[in-house]
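Just so we're aligned, residue 1 is where the sequence shown starts under full-length UniProt numbering, counting upward by one.
Heads up, the beta-carbon is just placed ideally off N, CA and C, and yes, glycines get one too.
To start, the structure itself, in structure tokens.
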Amino acid sequence: MSLLPVLAVLLSAQVATSDLYARRVSNRWLVCVAVLATGALLWSWMTGAAFPGMHLLGLLVGLLSLLPFYAIGWMGAGDVKYFAVLGLLLGASALLPIWIVASLLAGLHATVVVLAPGLRASLPLRAQLLQARVREHWQTGPAAQRLQALRQGRTGIPYAAYLAAATLGYLLWQGRGAAP
1 MSLLPVLAVL LSAQVATSDL YARRVSNRWL VCVAVLATGA LLWSWMTGAA
51 FPGMHLLGLL VGLLSLLPFY AIGWMGAGDV KYFAVLGLLL GASALLPIWI
101 VASLLAGLHA TVVVLAPGLR ASLPLRAQLL QARVREHWQT GPAAQRLQAL
151 RQGRTGIPYA AYLAAATLGY LLWQGRGAAP
């Protein structure tokens, strides 16, 4: 497997973990991976490979395509930056399938969030009481307290985690190993 897909897998694992746990995407990881990818692409180009235009286009398309969602407050800046770095790593052609799958997963998540209160209300009274006790026990426990402290009030759908899952699925589906 070449370096860029390996970097995409490593970055995706880190981003998914961080986004699910703390609703954050680390700028340090993004910058480090982008610098490594840029160096690898430049080295490849200098040693006779084709100009990495699709990777640079992927960076630009990844940034510009999600920037409006950040501007209107529907998405965090980390999600946008992560998508741009994915474009740099995998090229512009990888972004559409990754975006579609991630958006479908996020839409499913949102649907469950919207429908959950109605589904709870349709449960038998005993099940509702049990669910309320379990939820209260969880929310007052130390794990939930640490999670809330790490999130610092950030809520929402972990879109970067869904982008990461879609990226891993894309790489598995493509069998990316030969192309940089």
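Skipping 5 residues on each side, what residues in its chain have a beta carbon closer than 7 angstroms to that of residue i?
| i | result |
| --- | --- |
| Y162 | A102, L105 and A106 |
| G78 | R24, V25 and A160 |
| W45 | F51 and P52 |
| G141 | none |
Return the CA-CA distance between residue i and residue j, expressed in angstroms with no decimal places.
| i | j | result |
| --- | --- | --- |
| V33 | P124 | 50 angstroms |
| residue 192 | L86 | The question about residue 192 has no answer, for the chain in this structure spans 1 to 180. |
| R120 | T167 | 33 angstroms |
| A164 | L96 | 14 angstroms |
| W74 | I100 | 17 angstroms |
| A40 | H137 | 50 angstroms |
| W29 | W173 | 25 angstroms |
| L130 | G175 | 46 angstroms |
| L89 | L59 | 8 angstroms |
| A92 | R133 | 48 angstroms |
| D19 | L36 | 22 angstroms |
| A116 | Y21 | 21 angstroms |
| A71 | V80 | 10 angstroms |
| V61 | L4 | 18 angstroms |
| N27 | V114 | 31 angstroms |
Which residues bound the alpha helix (DSSP H) around residue i?
| i | result |
| --- | --- |
| V101 | L95 to A121 |
| M54 | G53 to A71 |
| P5 | L3 to A22 |
| M46 | N27 to M46 |
| G78 | A77 to L90 |
| W74 | Note, W74: premise wrong, no alpha helix (DSSP H); not H, not E. |
| G169 | Y159 to Q174 |
Suppose the cutoff is 6 angstroms on Cβ atoms and the five residues either side in sequence are ignored; what does the same chain contact list for residue i look like?
| i | result |
| --- | --- |
| R126 | none |
| residue 194 | This structure cannot settle anything about residue 194, because the visible part of the chain is limited to 1 through 180. |
| A16 | A161 and A164 |
| L63 | A84 |
| H109 | I157 |
| G48 | none |
| F69 | M75 |
Within 7 angstroms: the Cβ of residue i and any heavy atom of the ligand ATP?
| i | result |
| --- | --- |
| L171 | The ligand ATP is absent from the structure shown, which contains no ligand whatsoever. |
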